[in-house]
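Protein chains: 2
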Amino acid sequence: MKSPKELRKLIRNEIIQTQTAGLAPRFVQTNLVILPQENAFDFLLFCNRNSKPCPLIEVLETGSTEPVLSAPKSDIRFDVPKYRIYENGKLVDEPTNIEKYWRKDFVSFLLGCSYTFEEALIDAEIQVRHLQEDKTVPMFFTSIQTKKSGIFDGPLVVTMRPIHKSKIVKTIQVTSRFPNVHGAPIHIGNPDEIGIKNILKPDLGDAVTIHEDEIPVFWACGVTPQLVALNSKPPLMITHYPGHMFITDIKNETISVL
Amino acid sequence: MKSPKELRKLIRNEIIQTQTAGLAPRFVQTNLVILPQENAFDFLLFCNRNSKPCPLIEVLETGSTEPVLSAPKSDIRFDVPKYRIYENGKLVDEPTNIEKYWRKDFVSFLLGCSYTFEEALIDAEIQVRHLQEDKTVPMFFTSIQTKKSGIFDGPLVVTMRPIHKSKIVKTIQVTSRFPNVHGAPIHIGNPDEIGIKNILKPDLGDAVTIHEDEIPVFWACGVTPQLVALNSKPPLMITHYPGHMFITDIKNETISVL
Chain A
-12 MKSPKELRKL
-2 IRNEIIQTQT
8 AGLAPRFVQT
18 NLVILPQENA
28 FDFLLFCNRN
38 SKPCPLIEVL
48 ETGSTEPVLS
58 APKSDIRFDV
68 PKYRIYENGK
78 LVDEPTNIEK
88 YWRKDFVSFL
98 LGCSYTFEEA
108 LIDAEIQVRH
118 LQEDKTVPMF
128 FTSIQTKKSG
138 IFDGPLVVTM
148 RPIHKSKIVK
158 TIQVTSRFPN
168 VHGAPIHIGN
178 PDEIGIKNIL
188 KPDLGDAVTI
198 HEDEIPVFWA
208 CGVTPQLVAL
218 NSKPPLMITH
228 YPGHMFITDI
238 KNETISVL
Chain B
-12 MKSPKELRKL
-2 IRNEIIQTQT
8 AGLAPRFVQT
18 NLVILPQENA
28 FDFLLFCNRN
38 SKPCPLIEVL
48 ETGSTEPVLS
58 APKSDIRFDV
68 PKYRIYENGK
78 LVDEPTNIEK
88 YWRKDFVSFL
98 LGCSYTFEEA
108 LIDAEIQVRH
118 LQEDKTVPMF
128 FTSIQTKKSG
138 IFDGPLVVTM
148 RPIHKSKIVK
158 TIQVTSRFPN
168 VHGAPIHIGN
178 PDEIGIKNIL
188 KPDLGDAVTI
198 HEDEIPVFWA
208 CGVTPQLVAL
218 NSKPPLMITH
228 YPGHMFITDI
238 KNETISVL
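This is the structure:
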């Protein structure tokens, strides 16, 4: 099993350009959002006000390329397998590094992702359907509004995992231990109550099988801040390419609260 | 028992000018830090990097005087019993409202305080010594450094509560449920290991009795961000007067993670 450091080196040298799910399984992987300083305070505040979809693992100093707290010696410009560049809310490029886009006024945000709590669920012998079916987790836009900050505003996006009735309590207990990676579910049961019309037609990702004894359980999703940021059309925004996360040196278990 | 709203009205009209400990006991009370916009991003980042001493309950939009999320219709300029005004790190005034100091570029930070987890400890039949002895909680400067952000840097300040040996596990469990108000202890036992020379001579607050079967337990303290901010000598900073907190409409139990 390769260490996060070794994996980041392979990514930096463009030997790994794939999804990062399953790589360094015991370590925290993060979503990435990079914004110019002029939008950074409002976005940081947005993350604080909406910590369930936007759990901050690390925010880099203005202009810094090294996540000194979560991955010392790494470089945020090279160590993600694939990026997305948005100008005024429009996707303009999907490069494997962002050297030529880098600016001294950039602030980089690393946001926790669900890989951490999914590992905890599996450890607790709770099935994670989309992993079993080798699919992308189903994601839905909801009727729940995030708490606005400056230009950043928009609906909450959720992921859905079908959970057996007998495992609902354990699922809540296990995921509650990890507030820094979306934590406890935000809704259990009837999708209609949070504005989801058809549970078999996700807005993003793939549909998954829901068995008769299972209840759909919904978690705040790390895609929320990206969609919210895009809705607000900042002049420039850089993110990771979906599924192509930043791998940190932080062990999953070290960020639990209990 | 008066509601938070009623209490804030009495405070606004300067009928209550005392400490707020014990008022509206089931509701979250907060520390207050107000800084000009030019220092706000660095301070917000400092709070994120040091969430144990600086748990953010709410950050107001630039220039806003109303904590819309935690106490709608309140006014941060009037609804704290007593304030402290610091210029270049020096205390210059202790007014009962800050109307004449208010500026449109001010950002107000509400930070969780230990009253919430102390209530949870008492509910779990764990003695809180300084409350029993009617004293201010003992506080100590430690050899532990906070994680720097911009100009904000300095040592972690901790509070100490002596806990009976048989209650240590329960104490950790109970306080771990409240990461937004300092949460789990940061150290248990030997004070020397975190740079505290004499457990009976706190740097701030009062000494309390430690019985033979008790172990000193240390929590990150909400005084940390104030001292750190003062060390960095921002041109202007406003805080609450110690013990004279802002009373929110948030019930303590609603901010637990489990």
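If you're matching them up, the sequences are chains A and B in order. Sequential numbering from -12 applies to the first sequence in the working numbering. Sequential numbering from -12 applies to the second sequence in the working numbering. Heads up, the beta-carbon is just placed ideally off N, CA and C, and yes, glycines get one too.
Interface with chain B (8 Å Cβ-Cβ cutoff): A/R(-5) is excluded.
In the structure shown, B/F28 falls within a helical segment according to DSSP collapsed to helix, strand and coil.
Using a C-beta cut-off of 8 Å, the region 107 to 119 of chain A makes no contact with the region 31 to 40 of chain A, since fewer than three inter-stretch Cβ pairs fall below that distance. At the C-beta level, A/F127 and A/P172 stay beyond 8 Å of one another. Taken in chain order, the whole alpha helix (DSSP H) runs of length 4 or more contained in the region 11 to 80 of chain A are 24 to 36. For A/N18, the nearest beta carbon of chain B is not closer than 8 Å to its own beta carbon. Residue nearest to B/I186 within the set B/V156, B/R148, B/P59 and B/D140 is B/R148 (criterion: CA-CA distance). B/L78 counts as exposed, since fewer than 16 other C-beta atoms from the protein chains shown sit within 10 angstroms of its C-beta. In the three-state DSSP reduction, B/R148 falls in the strand class (E or B).
The shortest C-alpha to C-alpha distance from B/L97 to any of B/V15, B/K(-8), B/N218 and B/V244 is the one to B/V15. B/A207 is bridged by DSSP to B/V145. When secondary structure is reduced to three states using DSSP, B/K184 falls in the coil class, being assigned neither helix nor strand. Taken through DSSP and simplified to helix, strand or coil, B/L108 comes out as helix. In terms of Cβ geometry, A/F93 and A/I21 form a close pair [threshold 8 Å]. At a cut-off of 8 Å between beta carbons, B/K134 contacts chain A. Approximately 5 Å separates the beta-carbon atoms of B/Q24 and B/T49; this is inside 8 Å, confirming the contact. Partner residues in the beta bridge of A/M126, as assigned by DSSP, are A/T146 and A/L191.
Looking at the DSSP output, A/M224 bridges to A/Y73. Of B/E74, B/C208 and B/K184, the smallest CA-CA separation from B/G230 is found for B/C208. Where A/K(-8) is concerned, the enclosing alpha helix (DSSP H) starts and stops at P(-9) to R(-1).
Pairwise C-beta distances place the region 133 to 150 of chain B in contact with the region 216 to 235 of chain B, as three or more of them are shorter than 8 Å.
Going by beta carbons, B/T211 and B/V144 fall inside the 8 Å limit. Of all residues in the region 92 to 125 of chain B, none has a C-beta nearer than 7 Å to a C-beta of chain A. Under the Cβ distance rule, B/N239 does not count among the residues neighbouring chain A, no pair being separated by less than 8 Å. Taking a C-beta cut-off of 8 Å against chain B, the contacting residues of the region 160 to 185 of chain A are Q160, S163, R164, P166, G170 and A171, listed in chain order. Of B/L(-6), B/P42, B/L214 and B/R13, the smallest CA-CA separation from B/Q4 is found for B/L(-6).
Boundaries for B/V115: no alpha helix (DSSP H) harbours it, and the DSSP string shows neither H nor E there. For a Cβ distance threshold of 9 Å, residue set L31, C34, N35, L43, E45 and V46 of chain A lies close to B/N35, ordered along the chain. According to the DSSP assignment, A/V94 belongs to the beta strand (DSSP E) that extends over F93 to G99. Rounded to the nearest angstrom, the Cβ distance from A/P166 to B/P166 is 6 Å, consistent with a contact under 8 Å. About 17 Å separates the CB atoms of B/D62 and B/I72; that is not less than 8 Å, and the two are not in contact.
Assignment of B/S153 by DSSP, reduced to helix, strand and coil, places it in the helix class. For B/I183, the closest of B/Y228, B/P203 and B/T241 by C-alpha to C-alpha distance is B/P203.
If you draw a straight line from the Cα of B/V67 to the Cα of B/I234, it is about 8 Å long. Interface residue (Cβ-Cβ distance to chain B less than 8 Å): A/A27 is classified as such.
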